[in-house]
Each structure stands twice: as C-alpha cells, then as structure tokens.
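In full-length UniProt numbering, the protein residues as written are 1 to 289. Virtual Cβ for every residue (Gly too), placed ideally from N, Cα, C. Since the model is a prediction, treat every value here as computed from it, not as a measurement. Notes for the one structure printed next.
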Amino acid sequence: MERARTALASLAHHAHTIHLFTKSDIKTTILPVTVFALVAAPLCSLHRLPHIVFWVWLHILQFDVSNQCLSPEEDRLNKSDRPVAAGRISVQHAVILRWTLLPICLLISWSYSPQVLYVSAAMAVLTIIYNECQAHAAHWSVRNLLNAVGYATFEAGATLVAGASCSRLEPVAVLAICLSTGIMASTYHVQDFKDVDGDRLIGRRTLPIVSPQHARKTVITGLMAWSVALTLIWKLDALASAVLLFLGATVGGRFLLYRNIRADQVSFYLYNVWLSYTFALPAYWRLTT
1 MERARTALAS LAHHAHTIHL FTKSDIKTTI LPVTVFALVA APLCSLHRLP
51 HIVFWVWLHI LQFDVSNQCL SPEEDRLNKS DRPVAAGRIS VQHAVILRWT
101 LLPICLLISW SYSPQVLYVS AAMAVLTIIY NECQAHAAHW SVRNLLNAVG
151 YATFEAGATL VAGASCSRLE PVAVLAICLS TGIMASTYHV QDFKDVDGDR
201 LIGRRTLPIV SPQHARKTVI TGLMAWSVAL TLIWKLDALA SAVLLFLGAT
251 VGGRFLLYRN IRADQVSFYL YNVWLSYTFA LPAYWRLTT
C-alpha cells in the first residue's frame, strides 16, 4: 500500500510538472487554436474534439520544453513557476524529454495522415530554428515572422485533425490561416511587453525594448486595421463588426494607457480574446452565406 501511494504521488508530481510546461499557453495557444480548427475545418464529429486538443497540446509541449531548457535564468525572473526555473526538473532531464517528444509528435501525427505528419515535421524544424538555433534572439521582425509561421502550422495541423479526411484543407480554412498569419506577424509583439525585464536581462531586442513608444502605437493601429479588414473580408453585420472593433480598441487602448508589467499581462490576455474572436469569424461566414 505504501509503495502504491508513493507511486501515485510520484505520478502526480510528474503530471503537474508536465502541466506547468504548458500552463501559460492554455489561454494563449491551445484554446484559440482549438476554436480556429473547429470553425475552419469545420469539425466533422464531436469525437474529434479531444484529438484536436491533444494534438495541439502535445506540440506546444514539445515547443515549450525546448524553449524552457534554454532560458532558465530568464524564466527565474519572468516566470518562476516554470518547471526548470522552479527546480522541479533538471535541465538535463528536460533536454531528454524535449528530444523524446519529437518522435512522439511525428508518430502521432502520422497516425492521422501524411499531411498532418508534414505539418508536425515543419513545426519541429521551426522549433529548432527558433530555440536551438536562437532565432528567438534575432531582430524583432524575424522573431515576429517566425511566431506567425509557427502559429500557422498549429492552425493547419489542428484543422487537418478536425476535418473529415485529415488530408485536405478547405479554401475557407486556407484563407483563414493566411489572415491569421498576417495578424500574428503584425501584432503578436504584444506578448513581449510583459517580458521586457527578462528579455533585457538576456540581451533580447524585442520591439517593446527597441522602440517602446512606437511599439505601443502599432498595437492599436494594427488591431483596428485588421478589425476593419476582417469586417469586409468576412462580411460582418453591424453588431458583429461593432464587437470586433470594440475589442480591438479596448486592447489597443489598454496598451497605450496602462504601462506596467501586470497591466501588460492582462492586456495580453484580452488580446487573445480579440484573437479568438477573429478565429471564429469563418463560422460566422459559413452561417450567413
């Protein structure tokens, strides 16, 4: 009995450690990408929903473990509850986990279709470029572009998993992924405001560090421009358009008016509300056309 309790306690400890690797990405990646896949595919069966969530979570886990192996010093300042920074797992064991996850992601993706496997492989390459090749420390424009392309691979893979055949993206899904890539490339530096202390410590030159005033102005400009463009592209009615514009103005206004780490964290979460709303717009288009 004592041995069983010890085994259960150890299992719970490791499960919590795995959860902590991806905890901050549940709201910012897993939920928005799942929403995107549900409306872009569209979902062929409710039985696919757990598959979508698991596929996205497994691949964000691969990315997060890779990323957190490389920057425990930064995480001790910005995100001290992350497993490596908190001492729940050593860097050596995290590296082993990181490279074990790579074939697991590929094999599980292959079980769906060759197309999902190709997306998983592309994501693995992008992860290596971004983390191990240190593209995350490159010029902010390169970092924004890689973030956008990486996010697009999440969306493409999740949408394929959600679809009827797992091997083909509908034209609406392709358009939605292209729009999302543009949005991410031009606005996703919003995630960097809350991390400026840690980024400055390790010498990373993000847009909020290089040009803080300009960076905040580009948020509201980008969000409002995309809100107007999406209104026209998805043919929104007055109410749906008003909600989108209101969310964009609220998020952009917060970044202009509230300029501390805690406020930037809240503003980033609200940005993800706006982003999730934009991801749901293909469903609106399907229902009204």
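Original post:
For Pro208, does the count of other Cβ atoms within 10 angstroms reach 16, so buried, or fall short, so exposed?
Top reply: Taking the first residue of the sequence shown as position 1, residue 208 is located at position 208. Classification of Pro208: buried, given that the 10 Å Cβ count is 16 or more.
Original post:
Phe246 lies in the alpha helix (DSSP H); which residues open and close that run?
Top reply: Taking the sequence shown and counting its residues from 1, one reaches residue 246 at position 246. Note, Phe246: alpha helix (DSSP H), Ala238 to Leu257.
Original post:
Do you know how far the Cα of Thr6 is from the Cα of Leu126?
Top reply: Here residue 126 refers to the residue found at position 126 when the sequence shown is read from its first residue. Here residue 6 refers to the residue found at position 6 when the sequence shown is read from its first residue. It is roughly 39 Å from the alpha-carbon of Leu126 to the alpha-carbon of Thr6.
Subject >> Ile233 - DSSP class collapsed to helix/strand/coil >> reply: On the sequence shown, position 233 is the one that residue 233 refers to. Helix.
Original post:
Buried or exposed: which applies to Pro83, given that a residue is buried once 16 or more other Cβ atoms fall within 10 Å of its Cβ?
Top reply: Start at 1 with the first residue of the sequence shown, and residue 83 comes out as number 83. With 16 or more other Cβ atoms inside 10 Å of its own Cβ, Pro83 counts as buried.
Subject >> Inter-residue Cα distance where the pair is Val71 and Val273 >> reply: If you number the sequence shown from 1, residue 71 lands on position 71. If you number the sequence shown from 1, residue 273 lands on position 273. Reading off the sequence shown, one finds Ser at residue 71, where the question assumed Val. Between Ser71 and Val273, the alpha-carbon positions lie close to 28 Å from each other.
Subject >> For Leu160, the nearest candidate out of Thr28, Arg286 and Leu38 (CA to CA) >> reply: Start at 1 with the first residue of the sequence shown, and residue 160 comes out as number 160. For the residues Thr28, Arg286 and Leu38, the minimum Cα distance to Leu160 belongs to Leu38.
Original post:
Using the beta-carbon count (16 or more within 10 Å), is Asp192 buried or exposed?
Top reply: Mapped onto the sequence shown, residue 192 falls at position 192. Answer is buried; the Cβ neighbour count reaches 16.
Original post:
Apart from the five residues on each side of it in sequence, which residues of its chain come closer than 7 Å, Cβ to Cβ, to Pro50?
Top reply: Position 50 of the sequence shown, counted from the start, is the residue given in the question as residue 50. Closer than 7 Å at the Cβ level, and outside the excluded window around Pro50, lies no residue.
Original post:
Between Thr17 and Ile96, is the Cβ-Cβ spacing less than 9 Å?
Top reply: As a working note, residue 17 is residue 17 in the sequence shown. As a working note, residue 96 is residue 96 in the sequence shown. A distance of 9 Å or more separates the beta carbons of Thr17 and Ile96.
Subject >> Per-residue DSSP class, three states only, for Leu102 >> reply: Position 102 of the sequence shown, counted from the start, is the residue given in the question as residue 102. Of the three classes helix, strand and coil, the one that applies to Leu102 here is helix, per DSSP.
Original post:
Alpha carbon to alpha carbon, what distance is there between Ala12 and Asp81?
Top reply: Here residue 81 corresponds to residue number 81 of the sequence shown, with the count starting at 1. Here residue 12 corresponds to residue number 12 of the sequence shown, with the count starting at 1. Their backbone Cα atoms lie some 17 Å apart in a straight line.
Subject >> For Asn272, the three-state DSSP class (helix, strand or coil) >> reply: The residue labelled residue 272 in the question sits at position 272 within the sequence shown. DSSP places Asn272 in helix when its eight states are reduced to three.
Subject >> Coil, strand or helix - Gln134 by DSSP >> reply: The residue given as residue 134 occupies position 134 in the sequence shown. In the three-state DSSP reduction, Gln134 falls in the coil class, being neither helix nor strand.
Original post:
Using 8 Å as the threshold, is the stretch 17-30 in touch with the stretch 56-69, meaning 3 or more CB pairs across them?
Top reply: The answer is yes - the stretch 56-69 touches the stretch 17-30, with three or more Cβ pairs under 8 Å.
**OP:** Within its chain, find whatever has a CB closer than 7 Å to the CB of Leu101; leave out the 5 residues flanking it on each side and keep chain order.
**Re:** The count along the sequence shown starts at 1 and reaches residue 101 at position 101. Taking Leu101 as the centre and dropping the five residues before and after it, the same chain places the C-beta of Leu61, Gln62 and Val65 closer than 7 Å to its C-beta, in chain order.
Original post:
In chain order, what residues of the same chain lie with their CB nearer than 8 Å to the CB of Ala122, ignoring the 5 residues before and after it?
Top reply: For the purposes of this step, residue 122 is identified with residue 122 of the sequence shown, where counting begins at 1. So the qualifying residues of the chain are Thr153.
**OP:** Take Leu275 as the anchor and find which of Gln213, Tyr188, Gly87 and Pro171 has the nearest alpha-carbon.
**Re:** What you label residue 275 is simply residue 275 of the sequence shown in a count that begins at 1. With distances taken between Cα atoms, Leu275 lies closest to Tyr188.
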